[in-house]
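Order-wise, the sequence lines are chains R and G.
Quick note: the first sequence, position 94, residue 94 per our numbering, numbers continuous.
For any residue, its number in our numbering is found by taking its place in the second sequence, counting from 1, and adding 1000.
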Amino acid sequence: MIFRRVGNWPAFYWRTPFGELERLKRQMDLLNEGISGGLFREPSAGVFPLMNVTEDKDSYFVRAELPGIKSNDLDISVTGDTLSISGERKISEEKGDVKYHRREREAGKFSRIISLPSQINTGKVEAKCLDGLLSIILPKAEAAKQKQIVVKAS
Amino acid sequence: MTESESKALQSKEKVTLNIAEQTKPGVVFTPAVDIFETDKELTLLADMPGVKSENLNIGINKNVLTMSGEVEPPEGENETDVLMEYETGKYFREFTLSNEIDQGKIDAVLKDGVLRLTLPKVEAVTPRKIAVKTA
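Here it is, written out as structure tokens:
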């Protein structure tokens, strides 16, 4: 789920300048989950991968942490204003006779669709995966770009 | 569910860690690790997305293996946040090694955000099969 800027509503979910508050809130949510079984949990969580979306005046930037996922195991597609990412994280079986002490890393399939606040230029989307960090640059469609209007002095 | 069947991945909050002696501001996470052992070596795999090899430090001090990795914020200067679901920060984790690790031969490879540490065991500890000859 994406939090859009609706009208003039205060932007409580933006990280700046409430970064610390937001983190506190998330930690409170984690506590709540322990107590009430996740009743207060945001619906956005639980879908892998977690994503960060930022924008500048020309594009949106979508980032996700996907350690150990090869680019050919990823399937990314865009339509209009939605971005969908799916893939599979594979953890190769170790050869021979191995004894596990710890197994915290997980493998499995995932898919996620997010809708962006405005239309994007689907022809110019770029994606790269570096050091386990996927970053996708989605240029905004011409119609969605902000236009500066010059006020003329009479 | 069978072992080979691929299950759906669930997102997990990164585990934060509180280190008392932090002089730099920022969040510290403990990376998820797999550790397994064979007769010859111990292997450790750690997920550290976003860490570049020059920002990764691995050290051994008195049988304590320390891994730490810094993540530079990937966001550009002119970007404003739209949706933030995860944070970036530092990764830190320590393990106590047993004496049987040959500390001079530790090998580390960082690929696609996954660190693979190979810790060979000291020769003397690797079990040796003794062939019994018939006279």
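Just so you know, even glycine gets a beta-carbon here, dropped at the ideal spot from N, CA and C.
Values in this document were obtained by computation on a predicted structure and should not be read as measured data.
Residues that residue i contacts on chain R, provided the C-beta gap is smaller than 9 Å
i: ASN1061 of chain G; result: Per Cβ cutoff of 9 Å: no residues; ASN1061 of chain G is ~21 Å from chain R at best.
i: TYR1086 of chain G; result: PRO49, LEU50, MET51, ASN52, ARG63, ALA64, GLU65
Which residues DSSP lists as bridging residue i, in chain order
i: ILE149 of chain R; result: In the DSSP output, where bridge partners are listed per residue, ILE149 of chain R has none listed.
i: PHE48 of chain R; result: Answer is none; PHE48 of chain R lacks a bridge partner.
i: THR1118 of chain G; result: G:THR1043, G:ASP1107
i: VAL1132 of chain G; result: Beta-bridge pairing links VAL1132 of chain G to no other residue.
i: SER135 of chain R; result: R:ARG63, R:LYS128
i: ALA1008 of chain G; result: R:LYS109
i: LYS140 of chain R; result: R:ILE120
i: ARG26 of chain R; result: The partner list for ARG26 of chain R (beta bridge, DSSP) is empty, contrary to what the question assumes.
i: LYS1014 of chain G; result: According to DSSP, LYS1014 of chain G bridges with nothing at all.
i: GLU20 of chain R; result: For GLU20 of chain R, which the question treats as bridged, DSSP gives no partner whatsoever.
i: GLU999 of chain G; result: The question about residue 999 of chain G has no answer here: the residues shown for chain G are numbered 1001 through 1135.
Chain R residues whose Cβ lies nearer than 8 Å to that of residue i
i: MET1048 of chain G; result: PRO67, GLY132
Neighbouring residues, chain G, relative to residue i (Cβ below 8 Å)
i: SER135 of chain R; result: PRO1074
i: PRO117 of chain R; result: VAL1082
Beta-carbon neighbours of residue i, restricted to chain G and to distances below 7 Å
i: GLU200 of chain R; result: Absent from the model: residue 200 of chain R. The displayed extent of chain R is 1 to 154, so no value can be given.
i: LEU108 of chain R; result: In the sequence on display, residue 108 of chain R carries Gly and not Leu. Near GLY108 of chain R (Cβ distances below 7 Å), the residues of chain G are SER1006, LYS1007, ALA1008, LEU1009.
i: GLU104 of chain R; result: ALA1032, VAL1033, ASP1034
Interface residues of chain R facing residue i [CB-CB closer than 7 Å]
i: THR1184 of chain G; result: Given a span of 1001 to 1135 for chain G in the structure shown, any question on residue 1184 of chain G remains unanswerable.
i: VAL1051 of chain G; result: ASP131
i: LEU1045 of chain G; result: ARG105
Neighbouring residues, chain G, relative to residue i (Cβ below 9 Å)
i: LYS152 of chain R; result: What LYS152 of chain R touches in chain G: nothing, since even the nearest Cβ is about 28 Å away.
Proximity test, residue i beta-carbon vs the ligand COA heavy atom, cut-off 7 Å
i: LYS95 of chain R; result: Ligands are entirely absent from the displayed structure, and the ligand COA is therefore not among its contents.
Chain-ordered residues of the segment 66 to 80 of chain R with a beta carbon less than 8 Å from chain G: LEU66, PRO67, GLY68, ILE69, LYS70
Inside the segment 50 to 125 of chain R only - beta strand (DSSP E) runs reaching at least 3 residues: Listed in chain order, the complete beta strand (DSSP E) runs (minimum 3 residues) inside the segment 50 to 125 of chain R are 51 to 55, 59 to 65, 74 to 79, 82 to 89, 99 to 103, 108 to 115.
Cβ contact check for the segment 1030 to 1049 of chain G and the segment 1111 to 1119 of chain G: 3 or more pairs under 8 Å: The segment 1030 to 1049 of chain G is in contact with the segment 1111 to 1119 of chain G.
Contact list for the segment 90 to 101 of chain R against chain G, Cβ threshold 8 Å: ILE91, GLU94, GLY96, ASP97, VAL98, LYS99, TYR100, HIS101
Against chain R: residues of the segment 1097 to 1119 of chain G by CB proximity under 7 Å: ASP1112, GLY1113, VAL1114
Sequence ranges, beta strand (DSSP E) only - wholly within the segment 1022 to 1088 of chain G, length at least 3: For the beta strand (DSSP E) assignment, the uninterrupted runs of no fewer than 3 residues enclosed by the segment 1022 to 1088 of chain G are, from N- to C-terminal side, 1028 to 1030, 1033 to 1037, 1041 to 1047, 1051 to 1061, 1064 to 1071, 1080 to 1084.
The segment 109 to 118 of chain R touching the segment 1061 to 1075 of chain G, judged by at least three CB pairs closer than 8 Å: no
Segment contact flag, the segment 86 to 94 of chain R with the segment 51 to 64 of chain R, C-beta cutoff 8 Å, min 3 pairs: Pairwise C-beta distances place the segment 86 to 94 of chain R out of contact with the segment 51 to 64 of chain R, as fewer than three of them are shorter than 8 Å.
Cβ contact check for the segment 1029 to 1037 of chain G and the segment 1096 to 1107 of chain G: 3 or more pairs under 8 Å: no
Three-pair Cβ contact test at 8 Å for the segment 63 to 72 of chain R versus the segment 127 to 135 of chain R: yes
Touching by the beta-carbon criterion (3+ pairs, under 8 Å), the segment 1024 to 1033 of chain G and the segment 102 to 109 of chain R: The count of Cβ pairs closer than 8 Å, one atom from the segment 1024 to 1033 of chain G and one from the segment 102 to 109 of chain R, reaches three, so the stretches are in contact.
Cβ pair count under 8 Å reaching 3, the segment 1053 to 1065 of chain G against the segment 1089 to 1102 of chain G: As far as the Cβ criterion goes, the segment 1053 to 1065 of chain G touches the segment 1089 to 1102 of chain G, which means the pair count is three or higher.
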